[in-house]
Every structure is written in C-alpha cells, then in structure tokens.
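A.B. asks:
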Amino acid sequence: KTITSIQNKKSSDDVVLVVIDDISLKKISWPWRRDLYIDIFDFLENKAGAKAVILQNLILFPDTYNIDSDKAFYDGLRKHNKVINSYFFMMSNMAGDILPPEYINIFNTKKNLTIIDKRTKYSPSEYKGIVNLPKSFLMNANIFASSIIPEDNDEIVRTYMPVVKFQDKLYPSIALSAYSLYTGINSFVLYDNFLCSDDNCKTLKMPVFNRKVKDYIGNTFSGILSYYDWYKPISKFYTHKTYSAVDVLISDYAMKEGKPPKLSPELFKDKIVIVGLNADENVWEQLSETPVLNRQADIDVHATIISNMLNNSFKTLNHFDYTILITIVFCIFIARGFKTFKANIIFTSVFASVYLIYYLYEYFHNIYVPSVTPIITMYTTALLKSIYSLITTDKSFEMMKHAFGKYVSKDVMRKVISNMDKLKLGGTRGIVTILFVDIRNFTQISEDLAPQEVSSILNEYFSTIEPIIGKYHGIINKYMGDGVLAIFGEPIQNENHAYNAIKCGIEIIEKVRVLKEKFLSEGKPKIDIGIGVNTGDVFTGNIGTEERFEYTVIGDNVNLAYRIESYNQLLKTQFLISEYTYEYVKNIVDVVKLSEVKIKGKSNTMDIYEVLGIKEDVRK
3 KTITSIQNKK SSDDVVLVVI DDISLKKISW PWRRDLYIDI FDFLENKAGA KAVILQNLIL
63 FPDTYNIDSD KAFYDGLRKH NKVINSYFFM MSNMAGDILP PEYINIFNTK KNLTIIDKRT
123 KYSPSEYKGI VNLPKSFLMN ANIFASSIIP EDNDEIVRTY MPVVKFQDKL YPSIALSAYS
183 LYTGINSFVL YDNFLCSDDN CKTLKMPVFN RKVKDYIGNT FSGILSYYDW YKPISKFYTH
243 KTYSAVDVLI SDYAMKEGKP PKLSPELFKD KIVIVGLNAD ENVWEQLSET PVLNRQADID
303 VHATIISNML NNSFKTLNHF DYTILITIVF CIFIARGFKT FKANIIFTSV FASVYLIYYL
363 YEYFHNIYVP SVTPIITMYT TALLKSIYSL ITTDKSFEMM KHAFGKYVSK DVMRKVISNM
423 DKLKLGGTRG IVTILFVDIR NFTQISEDLA PQEVSSILNE YFSTIEPIIG KYHGIINKYM
483 GDGVLAIFGE PIQNENHAYN AIKCGIEIIE KVRVLKEKFL SEGKPKIDIG IGVNTGDVFT
543 GNIGTEERFE YTVIGDNVNL AYRIESYNQL LKTQFLISEY TYEYVKNIVD VVKLSEVKIK
603 GKSNTMDIYE VLGIKEDVRK
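Be aware that the sequence shown starts at 3, since it is given in our numbering, and climbs by one per residue.
1. Mind checking who isoleucine 610 pairs with in its DSSP beta bridge?
2. For arginine 35, which three-state DSSP category applies?
3. Among residues of its own chain, excluding the 5 on either side of threonine 583, which ones have a beta-carbon nearer than 7 Å to its beta-carbon?
4. Across which residues does DSSP place glycine 260 in a beta bridge pair?
5. Identify which residue in Ser88, Ala305, Asp77, Asp231 has its Cα closest to the Cα of aspartate 16.
6. Answer yes or no: do arginine 213 and threonine 292 have a C-beta to C-beta separation smaller than 9 Å?
7. Alpha carbon to alpha carbon, what distance is there between valine 277 and lysine 604?
8. According to DSSP, simplified to helix, strand and coil, what is aspartate 24?
9. Can you look up aspartate 44 in the DSSP assignment and give me helix, strand or coil?
10. Quick check: what's the CA-CA separation for asparagine 496 versus histidine 475?
11. Can you find the residues in the same chain that come closer than 7 Å, C-beta to C-beta, to tyrosine 76, ignoring five residues on each side of it along the sequence?
12. Flag this pair as yes or no: are the beta carbons of aspartate 133 and methionine 163 separated by less than 9 Å?
13. Please determine, among Ala147, Ala281, Asp170, the residue with the shortest C-alpha to C-alpha distance to lysine 120.
14. What residues in its chain sit with their C-beta under 7 Å from that of lysine 424, if we drop five residues either side in the sequence?
15. So, at 8 Å on beta carbons, what are the nonlocal neighbours of alanine 52 in its own chain, with the 5 sequence-adjacent residues on each side left out?
16. Exposed or buried, which one is aspartate 484 when buried takes at least 16 other CB atoms within 10 Å?
17. Let me know the secondary structure DSSP gives isoleucine 150 once reduced to three states.
18. Check whether the region 561-581 touches the region 438-448, counting contact only when three or more Cβ pairs, one atom from each stretch, lie closer than 8 Å.
19. In whole angstroms, what separates the C-alpha of lysine 602 from that of serine 568?
20. Kindly indicate which three-state DSSP category serine 568 falls into: helix, strand or coil?
21. Who are the Cβ neighbours of asparagine 95 in its own chain at under 6 Å, not counting the five residues just before and after it?
22. Would you report the Cα separation of lysine 480 and alanine 503, rounded to the nearest angstrom?
23. Could you tell me the alpha carbon to alpha carbon distance between serine 41 and glutamate 512, rounded to whole angstroms?
24. Put cysteine 203 into one of helix, strand or coil per three-state DSSP.
25. If you run the structure through DSSP and keep just helix, strand and coil, what is glycine 507?
26. Given this structure, state the Cα-to-Cα distance separating phenylalanine 577 from isoleucine 252, to the nearest angstrom.
27. For serine 315, which residues from the same chain have a beta carbon less than 6 Å from its beta carbon, with the 5 sequence-adjacent residues on both sides left out?
28. Judging by CA-CA distance, which residue of Phe223, Leu60, Asp254 is the nearest neighbour of serine 127?
29. Is the region 250-264 touching the region 175-186, taking contact as three or more C-beta pairs under 8 Å?
30. Enumerate in chain order the residues of its own chain whose CB-to-CB distance from proline 529 is below 6 Å, with the five nearest sequence positions on each side excluded.
31. Pull up the CB-CB distance for serine 148 and tyrosine 89, whole angstroms please, since I reckon it's below 8 Å.
32. Does DSSP classify alanine 337 as helix, strand or coil?
33. Write down every uninterrupted run of the alpha helix (DSSP H) in the region 67-100 whose length is 4 residues or greater and which is fully enclosed by it, in chain order.
34. Counting along the chain, where does the alpha helix (DSSP H) carrying aspartate 300 start and finish?
35. Measuring CB to CB, does phenylalanine 63 end up less than 9 Å from proline 136?
36. Please list, in chain order, all residues of the same chain as isoleucine 616 whose beta carbon is under 8 Å from its beta carbon, the five residues on each side excluded.
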C-alpha cells in the first residue's frame, strides 16, 4: 500500500514544460536567436491561451552577434503580459554585477502581485543586489520573478524560496508569480510560519520557515523556505509533461501558414507553461539532485512547487526534535551491541527498519523528517563499533590501517594515524590547486559493456593515474564515477602545488594515451580524457559528526575546476586551466588563451587556458 501510494502521487496536469532539449539543439544550434522565444510566446499565449508562461532561461547580456534578433525579442516582450522572466539576487555588490540603483524603482514595477509582510520575527536580507540585466530587457519585459533554487549543505534540493527578502521589500518567485496569473489572486500575506493568499488562507496556505541554505555557486545565506512535496517521475529528468521547444516553433510557423500544427494548441490551453533549457550534453544540463531524482531538471523543480500551490499540498517540518532523539537512542543501543561486523549490521538493520516505518508514517501525513541521514548515522555507528573492536589489538589495528588505505589517500591516512589524539572536526582555509580528470562520454561507452568489462577498464585506468598523482604530491580526494578529484597543496604542504598539478596533468595525458592504444589492441573501447585545473582559496579539513567525519576540500573553487573540465569537449581541447592557476604557472607553461568564456554558475565571463606543455627553458 505504501509503495503504491508513492507511485501514484502525480503532478498537476495544469503545469507543463517546453524544453530546449537535444532534439531542439540538433535542429537549431545554441545559442538561439532570441526572437525565437517571441514565436514560442505567441503560440503559447495568443494561439493556445496559456494562463502563464515562464521563461526560466536567464537573459543577462545583450546578444551582440544578433542585434536585430535581440531588438525583436525586447520589442516582442512588450506585447506579452503573461510572460514571466527570470532573474536572481547577488551576494556581492561589485559594480557591473548588480543592477544600478537608478533602475531599482523601474524593476519594482515589474511584479504582477503584492506581498504583505506580517511577520513578527525575521532575519535581515543578506543579498547585496539584483543581478544586472540588459536595460532594454528591463524596460520592455512586463513581469520579472526570482528563479533561485537553494541547496542544502549536502547539495540536495529539498526546499524552495517562494518569496525573497531584499532590502525592505518582498519579491516573488517565478512559481508564485505563475500561480498568481493562473488563479487571479494578486495579493499574498507572509506570516511567521505561512505564506497565504489574502483571503484568510482559504485558497493557499504554504508552510514557510527560515534556515541557512546555499545558492548554486556555494554561497550560504538565510532564506524564506518551504519544503516541497514530490511527485512520481514520468521520464529521465521530469515529473511533469514535457514538449520539445522546436515542436512548438514548428507548430507556430505551420499555423501562420494556415497548416495543421504539429502540437495542438489545446495541449497548452489554460495551463502554466515553463520554457527552459536542458539537454543531455554536460555543457547544457541544468539539473539538481533532489529526494525524488538524482538529476531532476531545474525547470521541473519550479514546476513541482507550482503543482504544490495548485494542489495546496506541502510538506511541513515538524517533530525534528523527535527525529534527533530517536536517532540518538537507536545509536546508543547499536553502540552497546555486538562486536562482530556481521552481527552489528543485522542488529542495525532492525533499528533502521523501525525508523523507516516512522519516516513513512510522517511522510503520508505531509510531515518532512530526514530519511537518509539518521539511517546512515545508525550504520556508521555500527561500522565504528566494529572498527573499535578491531583496533583494541595491535593485529587488528594493522588490519584497519590496510583497509583504510584503500578508501583514502595514504598521506591522509598517515596524517590521521599520527595525530589520533588530535583527531576532531574542523579545518583551515588556504590556497590549493584542484585537478579534475574525467573520461569523456564514459556513460555512453559503459552502456554497451558488461559490468565486468566496465570494472576492468576503470580499475586499470585508476591504477594508471593514481601513482602519478601521488608522485607530484597530490592526493585523491574522491572518485566520482569515472572522474577523479585530486588536491595539491594539502595535507602535503607544497608551495609549488600549481606547477605540480600541471606536470601531473601532462603525465596523466601521456600515460592514458599509451593505455588507450593498449585498450584498442585488446579490442576494448577507445577512451579520451579531459582535465580541468583551478587554484584558489578553499576549506580543507574534517567535516561530518563527532562519530564520523572525513577529510575533504570544499568551496566554489572546487566546483570551478569541474566546470572548466566540462569545456574540453565543447572546445575540442584536453587540458584546461583557469586564469587563477595560470597566474601561478605563466612563466613555465606553454598555453593558448581562450578569452571570455562563460562558466556555468559565474555571472561574469573569465579567461581559461589550454595547456600545451612545459616551456623548453624550464625543462633544461
């Protein structure tokens, strides 16, 4: 009964998605001419009669390559009163990044609703400004709304920001703006614990709370949040009905010529339609990890909260103290349990099953309690109990060191074992170099191979690059599928960490080239790799709980190394470094400068560099 109930929880049929997907990009290459959006809006709003249309794609810069198209886009926006355009708030106030003060009053007229603040307690806004928008875009668009999707500390999206506080005003999300257009309700009230329609909460009563979350580039801030209810996935990335954007364009052009459309306008009549980008290629994916999908499209996250609003069904955050108490009590019993690992796991599974029943009971009463963390904590307690039993003898201690060394870097292991009395949570900030190496298109390659073949290829590949990383004083922080994240400069301090990372990357490319030839001679698939390197300030140290923690590196500079690597496939390169790393090694490496590249998650463009090799005079 429980499983059936979860599977049958469906999203609202009145919310649909128009996706710029792989099919669309094959027929019309990205970036699109912006006047194509106007054609989509004409079809959805004028021909189909949609009640609200959301453009989830951000328009942050003028299109200097298609000036006429850009002008047609801005002129066309004036005619569309049901189109909601996206923007976001900034944590910094650097000139050029935020909307100039003289435009704020104009921006404040671009809301289709009012929000009355009746809270008795709240935190001051931590935002420094509104993202700078092209002036023509700001002047011609009729409605703007916030498109922020916050993440928890574990980078999972569980909450949504229906309203945002900036300075002394409340700004709506694109979900709330769409709900307003759909229902005709244009006045809302924000209380301490609820966001309500201005009819004494009869139509909408949305539970809200304040808590620290992260934005998509890792900044931490306090937000007005609501836990959202989840729906049954109906495809790879979506829980709502989707249509290809190019099919909408084809339908619009067909109707203009008096021909039958590919998509009937009735499909969108009286609906809320979200238009956004999400293609399978890594460069164009706009996905988040959520409780219902490991990779859920961002436009579907917005659609989910709109469905919640239309159904007036939300999750509340109650009984959190009960959850902590239950977890602590269960862990105490587990810690006092058996000495053998097998017995501990069986014993722990009983408590985990009891907690799962408790979780499902709360779930079906629309109460959110943590599902994974308490169970992981229980199994971690069982594991630590078993490890403790092992290390009570010298022989067991040596066994533990051998096993531990297979999961973390030997350098990290030595540091932990040599400082057992100082082992605790905490860390430091410092400048390190992060190297991310990834096999291109390995997911597609692995689909055609048996599991044993995939394992064999990856094991030989990792065995090839792991000693190279150690040779240049780097440590492997984590394996990410077929990718490897390595750190240079911590915990092994070395002032030449940027140079070491470059030499490491060059040698990895050389060794993998040999490995590729070996694989081909054995009839195995061809593999190619890409490497991204970035240098910057990060947190390094132990994170977790007092019962279990791990040595790791955290910060936006880590994400930047990953994002830079993803450009290798787009730019037909193999080894890219950031402008920050380049400043450390510019006198010793040969590079090709790739100017003003737009990096996902960064509001400004930046320079990146393709590494060709070490300069000859340095080699001598």
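Idealized CB from N, CA, C, for every residue including glycine.
C.D. replies: Reading off the structure:
1. What you label residue 610 is simply residue 608 of the sequence shown in a count that begins at 1. Within the DSSP bridge table, the entry for isoleucine 610 names Ser580, Leu596 as partners.
2. Taking the sequence shown and counting its residues from 1, one reaches residue 35 at position 33. Of the three classes helix, strand and coil, the one that applies to arginine 35 here is coil, per DSSP.
3. Sequence index remark: in the sequence shown, residue 583 carries index 581 (1-based). The residues are Thr435, Ala500, Val535, Asn536, Thr537.
4. Mapped onto the sequence shown, residue 260 falls at position 258. Looking at the DSSP output, glycine 260 shares a beta bridge with no other residue.
5. Within the sequence shown, numbered from 1, the residue matching residue 16 stands at position 14. Here the closest residue by C-alpha is Ala305.
6. The residue given as residue 213 occupies position 211 in the sequence shown. The residue given as residue 292 occupies position 290 in the sequence shown. No, the pair does not count as a contact, with Cβ atoms beyond the cut-off.
7. Residue numbering aside, residue 604 sits at position 602 when the sequence shown is read from its first letter. Residue numbering aside, residue 277 sits at position 275 when the sequence shown is read from its first letter. C-alpha separation (whole angstroms): 22 Å.
8. Start at 1 with the first residue of the sequence shown, and residue 24 comes out as number 22. If DSSP states are grouped into helix, strand and coil, aspartate 24 belongs with the helices.
9. For the purposes of this step, residue 44 is taken as the residue at position 42 of the sequence shown. Aspartate 44: helix per DSSP, three-state reduction.
10. Residue mapping note: residue 496 aligns to position 494 of the sequence shown, counting from 1. Residue mapping note: residue 475 aligns to position 473 of the sequence shown, counting from 1. Cα to Cα, the separation comes out at about 8 Å.
11. To locate residue 76, count along the sequence shown from 1; it is residue 74. Only Ser138, Phe139, Asn142 meet the Cβ criterion.
12. As a position in the sequence shown, residue 133 is number 131, starting the count at 1. As a position in the sequence shown, residue 163 is number 161, starting the count at 1. The residue asked about is misnamed: residue 133 is valine in this sequence, not aspartate. Cβ atoms of valine 133 and methionine 163: not closer than 9 Å.
13. On the sequence shown, position 118 is the one that residue 120 refers to. Minimum Cα distance to lysine 120 is reached at Asp170.
14. Within the sequence shown, residue 424 is the residue found at index 422, counting from 1. Interpretation of lysine 424 is limited by its pLDDT of 44, a score under 50 that renders its predicted location unreliable; the figure taken from the coordinates is listed afterwards. Around lysine 424, the same chain offers no residue with a beta carbon nearer than 7 Å, after the five sequence neighbours per side are excluded.
15. Residue numbering aside, residue 52 sits at position 50 when the sequence shown is read from its first letter. Counting only Cβ-Cβ distances below 8 Å, and skipping sequence neighbours, we find Leu46, Lys84, Phe270, Lys271, Asp272, Lys273, Ile274, Val275.
16. Counting from one through the sequence shown, the residue named residue 484 turns up at place 482. Using a 10 angstroms sphere on the CB of aspartate 484, the tally of other CB atoms reaches 16 or more, which defines it as buried.
17. Here the question's residue 150 lines up with position 148 in the sequence shown. Judged by DSSP in its simplified three-state form, isoleucine 150 adopts coil rather than helix or strand.
18. Yes: at least three Cβ pairs fall under 8 Å.
19. What you label residue 602 is simply residue 600 of the sequence shown in a count that begins at 1. What you label residue 568 is simply residue 566 of the sequence shown in a count that begins at 1. Taking the CA atoms as reference points, lysine 602 sits about 10 Å from serine 568.
20. As a working mapping, residue 568 is identified with position 566 in the sequence shown. Helix.
21. Translated into positions along the sequence shown, residue 95 becomes position 93. Once the five neighbours on either side are set aside, the close Cβ partners of asparagine 95 are Lys130, Gly131.
22. To locate residue 480, count along the sequence shown from 1; it is residue 478. To locate residue 503, count along the sequence shown from 1; it is residue 501. When only Cα atoms are considered, lysine 480 and alanine 503 end up about 16 Å apart.
23. Residue mapping note: residue 41 aligns to position 39 of the sequence shown, counting from 1. Residue mapping note: residue 512 aligns to position 510 of the sequence shown, counting from 1. Strictly speaking, residue 41 in this sequence is aspartate, with serine absent from that position. Approximately 50 Å between the Cα atoms of the pair.
24. Taking the sequence shown and counting its residues from 1, the one referred to as residue 203 is at position 201. In this structure, cysteine 203 counts as coil in the three-state DSSP scheme.
25. Within the sequence shown, numbered from 1, the residue matching residue 507 stands at position 505. Taken through DSSP and simplified to helix, strand or coil, glycine 507 comes out as helix.
26. To locate residue 577, count along the sequence shown from 1; it is residue 575. To locate residue 252, count along the sequence shown from 1; it is residue 250. Between phenylalanine 577 and isoleucine 252, the C-alpha separation is close to 40 Å.
27. Working through the sequence shown from its first residue, we reach residue 315 at position 313. So the list reads Asp231, once near-sequence residues are dropped.
28. Walking along the sequence shown from the start, residue 127 turns up at place 125. Of Phe223, Leu60, Asp254, the residue nearest in Cα terms is Phe223.
29. In the pairwise beta carbon analysis, the region 250-264 is classified as not touching the region 175-186: fewer than three pairs are separated by under 8 Å.
30. The count along the sequence shown starts at 1 and reaches residue 529 at position 527. Note on identity: in this sequence residue 529 is isoleucine, with proline being the wrong assignment. Hits under 6 Å: Ile441, Lys518.
31. The sequence position of residue 148 within the sequence shown is 146, counting from 1. The sequence position of residue 89 within the sequence shown is 87, counting from 1. The C-beta distance from serine 148 to tyrosine 89 rounds to 7 Å, short enough to meet the 8 Å contact threshold.
32. Indexing the sequence shown from 1 puts residue 337 at position 335. Alanine 337: helix per DSSP, three-state reduction.
33. Counting only runs of 4+ residues, the alpha helix (DSSP H) found wholly inside the region 67-100 occupies 69-79, in chain order.
34. For the purposes of this step, residue 300 is taken as residue 298 along the sequence shown, with counting starting at 1. Counting along the chain, the alpha helix (DSSP H) containing aspartate 300 begins and ends at 300-313.
35. By one-based count along the sequence shown, residue 63 stands at place 61. By one-based count along the sequence shown, residue 136 stands at place 134. Yes. Within cutoff.
36. The residue given as residue 616 occupies position 614 in the sequence shown. Ile504, Lys505, Ile508, Ile590, Val591, Asp592.
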